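What follows is one structure encoded as structure tokens, with my remarks underneath.
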Amino acid sequence: MLSLGSGGAKSTKPSFVSYVTPEEIKAEKDPPKKEKHPDLLPGEVEFCSANPILKYSQDDLSQHGVFGTLFCTNFRVTFISDETPQEKTAKTFKNKLYGEKNDIPLMCVDHIYGVYDEKRKLITGGLVKNKYPSKMIIHCKDLRVFQFCLTFTKEEDAKKIFQGIAHHCLEEKSLKCVFAFSYMGTPSPGTDLSFCREMLRKQETIMFDSPEDWTQEMKRTKANCRLVIENKNFELSQRLPKYFVIPLAIGDLFSYQGKGLPIWCWSHYSGCALFKASFPPVTQEDGDFQKHLETMINAVAHNYLYSVKTEDLSESLPNIQDIQQSYNKFKQFFLIENSTDFWLSDVKWFSSLESSGWLDIIRQCLQKAVEVVECLEKDNTNVLITEEEGTDLCCVISSLAQIMLDPYYRTLMGFQSLVQKEWVAGCHAFLDRCNHLHQKDKECHSPVFLLFLECVWQLVQQHSPAFQFSETYLTVLSDSVHVPIFSTFLFNSAHHREGVMKAESPLAQSGPLSCPTVWDWSVQFDSKAQNFFYNPLYSEKVKHEKAVRKPHKPKHQRQLSLPSTAFKTPLKKGFFKDETDSLKKMLQVKRLSRWMGSPDSPAATTREFYESWQHRPVDYHGLLLPCLDGPAVRVWMQRYLRWIPEVYILGGGSVAMTTKLMELLSQVQDLKRVLEQRDTSQAAKIDHRPYIQHRLLSFGSSGRLSSSFPFAYTRNRSFKPIIPTGLMQRLMVTDSLASQEDEASSVASFV
Amino acid sequence: MEPLADVAMLPGEERVIDKDIIYICPFNAAVKGKVFITNYRLYFKNTDSETPVTLDVPLGVISRIEKMGGASSRGENSYGLEITCKDMRNLRFALKQEGHSRRDIFEILFKYAFPLSHGMQLFAFLSQEKYEENGWNVYEAMEEYRRQGLPSSEWRVTFINKNYELCDTYPTILVVPYKATEEDLRRVATFRSRCRIPVLSWFHKENHAVIMRCSQPLVGMSGKRNKDDERYLDLIREANGTTKLTIYDARPNVNAVANKATGGGYEGDDAYQNAELVFLDIHNIHVMRESLKKLKDIVYPNVEESHWLSSLESTHWLEHIKLVLSGAIQVADKVSSGSSVVVHCSDGWDRTAQLTSLAMLMLDSFYRTLRGFQVLLEKEWISFGHKFASRIGHGDKNHADQDRSPIFLQFIDCVWQMTKQILLFSNVRVKTASLWSFVNSDTSLYINPFYTSESSRVLYPVASMRHLELWVTYYIRWNPRIQHQSPVEQRYKELLALRDQYLKKLEELQLSDSTHLTNSSTPNAATPNQHITHLQTPF
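Dropping the structure here:
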């Protein structure tokens, strides 16, 4: 009756290490015995193929590889080895749509390089026409690197496959060509019922596409605002959500196409709230529009105690082009093609990272979010963040601030709802920003959503027990952006989505377009794999508080009782109507970014805010602030290093720890269940927490996981240690000390 | 108020002086308070506010004491003392400017912080502390060699050094090739720097490969050769039939060549034909000292902000760590593949100790236990003559001494990097001095809950900058903004406790079941167990 620990003796333990020895290149290769074809997804169509193609194995720089057939379909580039597949290892963490080893969704291709006469050239439209390269290198957006040698196949085939891949991956295309519109996947197959799915259904992600969702959210945060339904048919603005919430004090909705309208994000328990708005740059002459914006700011101030701080994010944060440039530099350090490159770049690793500026942008965003949090939590002032469009950095900062303030958004469902609220319903231009259609206009591409995930990862890293979801969840989410199946990341706004979906549905013969959202994780992962999304470190709120559970009462242990600003104290309701002029002056003084010049820089004041928070006992269900010191902001190792074999630590890394924790957690849960079953009086309240049922292998016997687990573990082949090369040229200590004797005295002692 | 009321004085500790003083805390403002100096510590407690600010600094960590400002210095708190510590911090105290107020405290502090420079004894010899266990007994050389499977048909134990006659910096018990006679050893000693001949550090039970350690050969400018030394190394090679003995010279090639000028050098190809020589490019103690100094500059008192990563890179501290680790990986890999190795640097007590002990940590799971680690340090560091006293400069006023160098700290950092990468390790928290008595009296503080004893295999870390990181909780530990406890460990311990709790409860329930069944007629049988159902759990 009691099954403890290692999962009982009955369950067969899968081996995680497969030894697929890469075949050596032979000058003459036997012709393929029979044709192989990829298992196509419903709606997937094969475009072209070529054989034999040599796929270089990524794990070593020697000229090793596997022969096989390369295909290009309307969904992916895929490679099928000629070798008869060895006994399949039971892989716990497997994406049902594409394999990490041989499949590249077309949307996931970042760059293609061709090697012509030993020279590597970036493939753009022009080069494709002329000739095909001997070797094709594909850099993926999820940082995988593939290398295919085209010289063994017939010239004609090689040309065809190369041009086909280049065309489908690089050329500008229309949205209708995206695989999502051909995909006929049946959403959520009924066979996959499990604990996890059961829970998913019980506790859905809130989509924020109905008035009820917004009303519910206002109720949850005790907001006193107004729900706008006038944009139901996008009559107000095509850039605004279908439904949204604004301050009560706004009367006129229809001027300036909704420009400047403060969109409600979240309300603090004190009553003050966070708003975001699109504020286009105002010219001096445009007095009317200026006045309109002033009215909007006043309306925000009316929300609570007549206080508002405004922050123009385009003034104080890097713009989306800066973000794009920085990320382009940054990702290069992880697109490693061979071991030599790896060790050469190891030398200047830290300064390379710094030169990209990416970590600094992350720090700046977190810093800005902390400033916003400080206004809400410490000063209890309303905050209005603005930028030109109001759907890029506004989304980053408002989501981050909400995660820091509201523990609900640190649960998996809460987080997904937040992404829906601020990003998807909130009209972030995913299609343009992710450049899914390979538009030549470079201006609008920018990894803004990834930047947000990066910031969240920093928080998860620093305060793991506060988050229900894991690092792996974030990594998978960042990958899913480039899987062309999900409606979530395919559109520029709610209006855009609705327009496309409406236009598309009649075309599909079988009812409405079946385009799942990314939150239907069963499309990609079975329930076992989905268990990796849960953080075993998460310290869930103790249940017995249920009766008194009012999430937004001032219950935070770390709530700060620092002196609040003088601003709000003397004012009483109904008092300021006559004082609009002086109030306006004050409002302007209170603009956050104007503080930059003052002796107390925001960095210094937020530092104080952080320190006073840090001195309180930890409450993972209260306010959460990130440490922003140099060593604290780090590289998202799992996402960036998971495909690089040189950094695999066999049996090590954070995975070792997480696995042990998961094991122990499942033991404890087993025990708890047994106890609960015995205790009939408690049978009514069965815990629906996803049961972490799989038992990962302990490190004792057959297999050891590498640090990149659950990704890329089939690539581990060697138990040999990785020995750095190129050590000699590394450390150039020019100091005279270097040549000095170890012991000053030893000079004398040896004659 | 009894000034030292809240500190438990150590047996043998005596108060020397008290003084009103201002502590200029680098993280907050200046703090008014009182400083107490004993023959063991400097203790400061504030008097100006409710929130306590205290300092408890053993005098042993003081590296340098300087006077700050003069009697006529202007500005607030400009007159006082500046104390440089060996644990990555500086302490500044301000005193009243009139009446030479700092003279007595300066002199007393100077005397007690550097007792050896003043003809006094270190506190260690004055301490009256008694421990249940005598830490000096942790390491018993014979017992350790027996554990490794020695002596064997190829390796014998020699007592040639029992009165430190062969080599005064070696232990009394040495393990050498069975075929080497005592006379051979004496002749080899004449050709090795400070007579530190190649002796066995570790023996691989399965493949019989060994790690030998020694100092550099005395080749000199003229390129001297020594038949006995050559034959001796060949005996080591022969012992397990290794075709080519690998000699790891920890130094950069150029340094090894430069050492010829002072009589040292390295094993040349033609003289040692059955050996291959590999240089590991690890720099000397002076380079390491300067590197740590640079590191301190960027982390104390404030952590360099704007260019943290490039500043960190420019200290080279982590690059040095990488080189040491990568050297140790090469040694361990060679040995586990069945080849014997010889490791040396110049004298064979700094870099050599780092390399052999790290390789042994990778190879032998025993050393990854708390006790095993103690044995490792006792053996590879203390018994083989790492110059702790001069590297750390205990009780010595000469802060600029060229012999000081953070070699041991660097080793501990390497171990930390390994624990960071591979959790299956018994936890090692840093302490500087027979310490073992102290540690072993409360082991729970130092145990890593993640350690699994079954991991009796070779564990390699990855020596890439991608994985190396600054040991923040050591180097930046004085900064109040740094997080100290690891939530992971905390959570693991919680879960362990919870599991035990549940198991106990279940046992009790089962017990009560059985009693209930057998004695169903007795009404009071089930009562005691039914009260424990209201457990609070985080699930």
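Top line first, the protein sequences correspond to chains A and B. Here UniProt numbering is used: position 747 in the first sequence is 747, and no number is missing along the way. Here UniProt numbering is used: position 65 in the second sequence is 65, and no number is missing along the way. For glycine and all other residues, C-beta sits at the position ideal for the given N, C-alpha and C. Computed from a predicted structure; not experimentally measured.
Residue nearest to residue i in terms of C-alpha spacing, selected from the options
{"i": "LEU227 (chain A)", "options": "A:ILE206, A:ARG239, A:GLN238, A:ALA249", "result": "A:ALA249"}
{"i": "LEU179 (chain B)", "options": "B:LEU233, B:GLU206, B:LYS19", "result": "The question names Leu, yet the displayed sequence has Lys at residue 179 (chain B). Nearest C-alpha to LYS179 (chain B): B:LEU233."}
{"i": "GLU305 (chain B)", "options": "A:CYS627, A:LEU671, A:GLU422, A:CYS72", "result": "A:CYS627"}
{"i": "SER355 (chain A)", "options": "B:SER383, B:SER336, B:SER311, B:ASN28", "result": "B:SER311"}
{"i": "ARG15 (chain B)", "options": "B:THR181, B:THR369, B:TYR112", "result": "B:TYR112"}
{"i": "GLU290 (chain B)", "options": "B:GLN410, B:LYS493, B:ALA497, B:ARG156", "result": "B:GLN410"}
{"i": "GLY255 (chain B)", "options": "B:ILE22, B:LEU280, B:ASP269", "result": "In the sequence as presented, Gly is not what sits at residue 255 (chain B); that position holds Asn. The shortest C-alpha separation from ASN255 (chain B) is found at B:LEU280."}
{"i": "HIS208 (chain B)", "options": "B:VAL341, B:LEU498, B:ALA124, B:TYR367", "result": "B:VAL341"}
{"i": "GLU66 (chain B)", "options": "B:PRO58, B:PRO52, B:ASN46, B:ASN90", "result": "B:ASN90"}
{"i": "GLN417 (chain B)", "options": "B:MET362, B:ILE382, B:VAL375, B:GLU380", "result": "B:MET362"}
{"i": "TYR304 (chain A)", "options": "A:THR340, A:ALA180, A:ALA223", "result": "A:ALA223"}
{"i": "SER444 (chain A)", "options": "A:ASP479, A:ASN51, A:THR391, A:HIS495", "result": "One detail in the question is off: residue 444 (chain A) reads as Cys in this sequence, not Ser. It is A:THR391."}
{"i": "TRP155 (chain B)", "options": "B:GLU508, B:VAL415, B:PRO26, B:GLU238", "result": "B:GLU238"}
{"i": "ASP117 (chain A)", "options": "A:THR73, A:MET136, A:PRO631", "result": "A:MET136"}
{"i": "SER222 (chain B)", "options": "B:LEU109, B:GLY60, B:TYR266, B:GLU144", "result": "B:TYR266"}
{"i": "VAL157 (chain B)", "options": "B:GLU144, B:GLU165, B:THR169, B:ASP168", "result": "B:GLU144"}
{"i": "ILE105 (chain B)", "options": "B:GLN128, B:ASP87, B:ASN39, B:TYR164", "result": "B:ASN39"}
{"i": "LEU218 (chain B)", "options": "B:VAL257, B:TRP202, B:VAL472, B:THR243", "result": "B:VAL257"}
Interface flag, residue i vs chain B, CB-CB below 7 Å
{"i": "GLU354 (chain A)", "result": "yes"}
{"i": "ARG201 (chain A)", "result": "Bear in mind that a pLDDT of 44 at ARG201 (chain A), under 50, signals an unreliable position, so the model cannot answer this."}
{"i": "residue 763 (chain A)", "result": "Nothing can be reported for residue 763 (chain A), as the shown portion of chain A is limited to 1 through 751."}
{"i": "LEU624 (chain A)", "result": "no"}
{"i": "MET657 (chain A)", "result": "yes"}
{"i": "LEU451 (chain A)", "result": "no"}
{"i": "LEU537 (chain A)", "result": "yes"}
Within-7 Å CB hit, residue i to chain A
{"i": "VAL335 (chain B)", "result": "no"}
{"i": "residue 617 (chain B)", "result": "Here chain B covers residues 1 to 539 and nothing more, so residue 617 (chain B) does not appear."}
{"i": "GLU82 (chain B)", "result": "no"}
{"i": "GLU313 (chain B)", "result": "yes"}
{"i": "TYR502 (chain B)", "result": "yes"}
{"i": "SER339 (chain B)", "result": "no"}
{"i": "GLN330 (chain B)", "result": "yes"}
{"i": "SER326 (chain B)", "result": "yes"}
{"i": "GLN128 (chain B)", "result": "no"}
{"i": "ARG237 (chain B)", "result": "no"}
Within chain B, partners of residue i - CB distance below 7 Å
{"i": "CYS365 (chain A)", "result": "Simply none; closest approach about 16 Å."}
{"i": "residue 765 (chain A)", "result": "For chain A, the structure presents residues 1 to 751; residue 765 (chain A) sits outside this window and is missing."}
{"i": "ILE722 (chain A)", "result": "VAL462"}
Contacts that residue i makes with chain B (C-beta to C-beta distance below 8 Å)
{"i": "TRP643 (chain A)", "result": "Those do not exist, as TRP643 (chain A) stays about 13 Å from chain B at its closest Cβ, beyond 8 Å."}
{"i": "VAL647 (chain A)", "result": "VAL462, SER464, ARG466, HIS467"}
{"i": "LEU611 (chain A)", "result": "Reading off the sequence, residue 611 (chain A) comes out as Glu, not Leu. Near GLU611 (chain A) (Cβ distances below 8 Å), the residues of chain B are PRO480, ARG481."}
Beta-carbon neighbours of residue i, restricted to chain A and to distances below 9 Å
{"i": "ALA180 (chain B)", "result": "In chain order: nothing, as chain A lies at least about 24 Å away."}
{"i": "ILE476 (chain B)", "result": "ASP629, PRO631"}
Proximity test, Cβ basis, 7 Å: residue i and chain E
{"i": "ILE206 (chain A)", "result": "The structure shown contains no chain E; its protein chains are A and B."}
Contact set between residue i and chain A, taken where Cβ atoms lie within less than 7 Å
{"i": "SER310 (chain B)", "result": "PHE350, SER351, GLU354"}
{"i": "GLN421 (chain B)", "result": "ILE649, GLY652, GLY653"}
{"i": "ARG499 (chain B)", "result": "LEU664, GLN667, VAL668, LEU671"}
Contact set between residue i and chain A, taken where Cβ atoms lie within less than 8 Å
{"i": "GLU305 (chain B)", "result": "ASP629, GLY630"}
Ranges of the beta strand (DSSP E) found wholly within the region 285-324 of chain A, counting only runs of at least 3: For the region 285-324 of chain A, whole beta strand (DSSP E) runs of length 3 or above, ordered along the chain, are 308-312.
Closer than 7 Å, Cβ to Cβ, to anything on chain B: give me those residues from the region 662-678 of chain A, in chain order. Residues LEU664, LEU665, GLN667, VAL668, GLN669, LEU671, LYS672, VAL674, LEU675, ARG678.
Interface positions of the region 375-402 of chain B facing chain A (Cβ-Cβ less than 7 Å), listed along the chain: Residues of the region 375-402 of chain B whose Cβ lies closer than 7 Å to any Cβ of chain A, in chain order: GLN402.
At 4 residues or longer, and completely inside the region 409-489 of chain A: list those alpha helix (DSSP H) runs for me, N to C. Segments of the alpha helix (DSSP H) lying fully in the region 409-489 of chain A: 412-418, 430-434, 448-462, 471-480.
Scan the region 78-150 of chain B and note each continuous alpha helix (DSSP H) run of 4 residues or more that stays entirely inside, going in chain order. Listed in chain order, they are 103-113, 123-126, 141-148.
What residues in the region 330-347 of chain A have a beta carbon less than 7 Å from any beta carbon of chain B? Only those residues of the region 330-347 of chain A whose C-beta falls short of 7 Å from the nearest C-beta of chain B are listed: ASP346.
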